[in-house]
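Here is the structure we will look at, set down as structure tokens.
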Amino acid sequence: MEIKTSNQTDSVVYADAIMIRRAVFIDEQHIDPADELDTVTSATWHYVLYDDTAAAVATARMTPEAGQQLHIQRVATLKSARGHGYAQAIIKRMIQDAQQQGYRQLVLGAQVTAQSFYSQLGFQPVGDRFMEAGLQHQEMVLVLN
Numbered sequence: 001m002e003i004k005t006s007n008q009t010d011s012v013v014y015a016d017a018i019m020i021r022r023a024v025f026i027d028e029q030h031i032d033p034a035d036e037l038d039t040v041t042s043a044t045w046h047y048v049l050y051d052d053t054a055a056a057v058a059t060a061r062m063t064p065e066a067g068q069q070l071h072i073q074r075v076a077t078l079k080s081a082r083g084h085g086y087a088q089a090i091i092k093r094m095i096q097d098a099q100q101q102g103y104r105q106l107v108l109g110a111q112v113t114a115q116s117f118y119s120q121l122g123f124q125p126v127g128d129r130f131m132e133a134g135l136q137h138q139e140m141v142l143v144l145n
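Number 26 in full-length UniProt numbering belongs to position 26 of the sequence shown; there are no gaps in the numbering.
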């Protein structure tokens with residue numbers, strides 16, 4: 001297993017991230033491609049986990065925001081690769097990277113069905129649930145030491 005990162009939209013990592021996001025969010029969850037495939041800048045870091053066969057199986061991205069905060073988005077694992085802890089490995093790597101870079105907290109909008117997954121990693125719900133791309137979400141925060 002290997003996690004690769006890139007902030008370049010012409011990289012293999014980015015292409016692999018988009019492939020996973022298309023499979024999970026557009027094909028499986030029926031999210032409108034216009035909502036899913038948004039514009040990013042070089043400030044956004046894309047993470048892709050490659051399994052032991054070197055296949056891209058999970059992804060997430062992280063973007064800096066004001067106040068020493070990073071925003072995690074687009075966490076996805078291919079259906080055939082779920083249950084192996086791949087998304088957890090990516091989030092743990094993101095937490096480690098954020099701490100090393102001196103950020104104070106991570107925020108994300110969790111699909112309500114995945115809220116317990118993020119809670120297990122230390123994220124706490126904040127505020128009211130909201131709708132995004134036709135799915136109910138909960139904002140969650142992890143304060144870093």
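Don't be surprised by glycine CBs; every beta carbon is placed ideally from N, CA and C.
(message) Residues in the same chain with beta-carbon distance under 6 angstroms from residue 77, minus the five sequence neighbours each way, listed in chain order, please.
(response) 58, 86 and 87
(request) Measure the Cβ-Cβ separation of residue 13 and residue 48 and say whether it is below 7 angstroms. (result) yes
(request) Look at residue 112 and residue 138 and say whether their C-beta atoms are less than 7 angstroms apart. (result) yes
(message) For residue 20 and residue 134, what's the separation of their Cα atoms in angstroms?
(response) 20 angstroms
(request) Compare the beta carbon distance of residue 68 and residue 118 with 7 angstroms and say whether it is the shorter of the two. (result) no
(message) Taking the alpha helix (DSSP H) that residue 74 belongs to, which residues open and close that run?
(response) Premise fails: residue 74 lies in the beta strand (DSSP E), 69-77, not in any alpha helix (DSSP H).
(request) If I'm right that residue 99 touches residue 144 with Cβ under 8 angstroms, what's the distance once you round it to whole angstroms? (result) 5 angstroms
(message) Using CA atoms only, rank isn't needed, just tell me which of 1, 8 and 53 is closest to residue 42.
(response) 8
(message) Let's see if you can read the secondary structure: which residues bound the beta strand (DSSP E) around residue 3?
(response) 2-6
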